[in-house]
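Chemist: Residue numbers (numbering that gives the first Met the number 0): 0 to 236.
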Amino acid sequence: MAADLLDIKIQRGPDKYETFQVPSHASQTVLDVVSWVQQNADPTLSYRFACRVGMCGSCAMMVNGVPRWTCRTHISKVSKGNAVTIGPLRNLPVIKDLVVDMDPFFDKWIAAEGVHHGSRTRDDPIAPVDTSTPARVTANAGIECINCAVCFAACDTVTGSADYLGPAALQRAWTLLNDTKDTAAATILDAVSDRNGCHNCHAMGSCTAYCPNELDPMSAIAGLKRETAKSLLRRRR
0 MAADLLDIKI QRGPDKYETF QVPSHASQTV LDVVSWVQQN ADPTLSYRFA
50 CRVGMCGSCA MMVNGVPRWT CRTHISKVSK GNAVTIGPLR NLPVIKDLVV
100 DMDPFFDKWI AAEGVHHGSR TRDDPIAPVD TSTPARVTAN AGIECINCAV
150 CFAACDTVTG SADYLGPAAL QRAWTLLNDT KDTAAATILD AVSDRNGCHN
200 CHAMGSCTAY CPNELDPMSA IAGLKRETAK SLLRRRR
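1) Quick test of the definition: if touching needs 3 or more C-beta pairs under 8 angstroms, does the stretch 95-104 touch the stretch 115-132?
2) For L97, report the span of its alpha helix (DSSP H) as first-last.
3) Does DSSP put Y46 in a helix, a strand or coil?
4) Looking at C-beta atoms only, is the number of pairs between the stretch 73-91 and the stretch 129-141 that lie closer than 8 angstroms three or more?
5) With DSSP as the reference, label A219 as helix, strand or coil.
6) Cβ atoms of I85 and V29: under 8 angstroms apart, would you say?
7) Taking its Cβ as the centre, do 16 or more other Cβ atoms sit within 10 Å of R89, making it buried, or is it exposed?
8) Can you tell me whether I9 is buried or exposed? The criterion is at least 16 other CB atoms within 10 Å of its CB, across all chains shown.
9) Can you grab the Cα-Cα spacing for the pair D155 / R119, in whole Å?
10) Can you check DSSP and say which residues form a bridge with E82?
11) I187 to A111, Cα distance in whole Å?
12) List the residues that DSSP assigns as beta-bridge partners of Q37.
13) Using only the alpha-carbon positions, how far apart do L318 and K180 sit?
14) The beta strand (DSSP E) spanning Q170 covers which residue range?
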């Protein structure tokens, strides 16, 4: 293989890979490479992307076995001997090639009560928020999640237990639990405390290690564990 070519191995099905030789360029991203293959070598290749600047998260894929945003991952950082293996995010059903079905991921958000439970209508004035309180600081630490599912793909507990709510949904639940505008703390704690919830987390930390936005789902899940335990003790008094 010439030095100016990349050896790109793309997963096209279960245990099925296809290799493409792609021209190498400076500052080339993994998404650039996938786009080149689709535009120049195989127009049937399916993949998903939108913003290309790390804002939408839709381009997340497995790159050499690691979940990453492909638009922000440079080939020079991940290639091994000018070779890169690219596959769909794990822990989610594959629709075709590099495209996964995100429905199970978002279903977990609903199951974790990761939706805002407000008490005001659009006709009411906006409730003031004191950004300096400890609860608001904690809530703010998780609001930059863009639903890319990198943490979900990185989580070995999800791999071993398909019903586990997963780090993104649990972090969202923790964010809402600390949001003074949310009115359903008890409902959230009930949703995340069953056998598929926060106590199923093994605290391996892959979610935090691989989050492209440098969020900390593992600490959020630890917070839920504490609060669900406190809630149980209060009910038994």
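Idealized CB from N, CA, C, for every residue including glycine.
Modeler: Here's the rundown:
1) no
2) It is not in any alpha helix (DSSP H) - L97 carries neither H nor E in the DSSP assignment.
3) coil
4) no
5) helix
6) yes
7) buried
8) buried
9) 39 angstroms
10) A quick correction: the sequence has Ala, not Glu, at residue 82. The partner list for A82 (beta bridge, DSSP) reads D6.
11) 7 angstroms
12) DSSP, once it has assigned bridges, lists no residue as partnering Q37.
13) This structure cannot speak to residue 318, because the chain is shown only from 0 to 236.
14) First-last for Q170: P166 to L176, but that is the alpha helix (DSSP H), not the beta strand (DSSP E).
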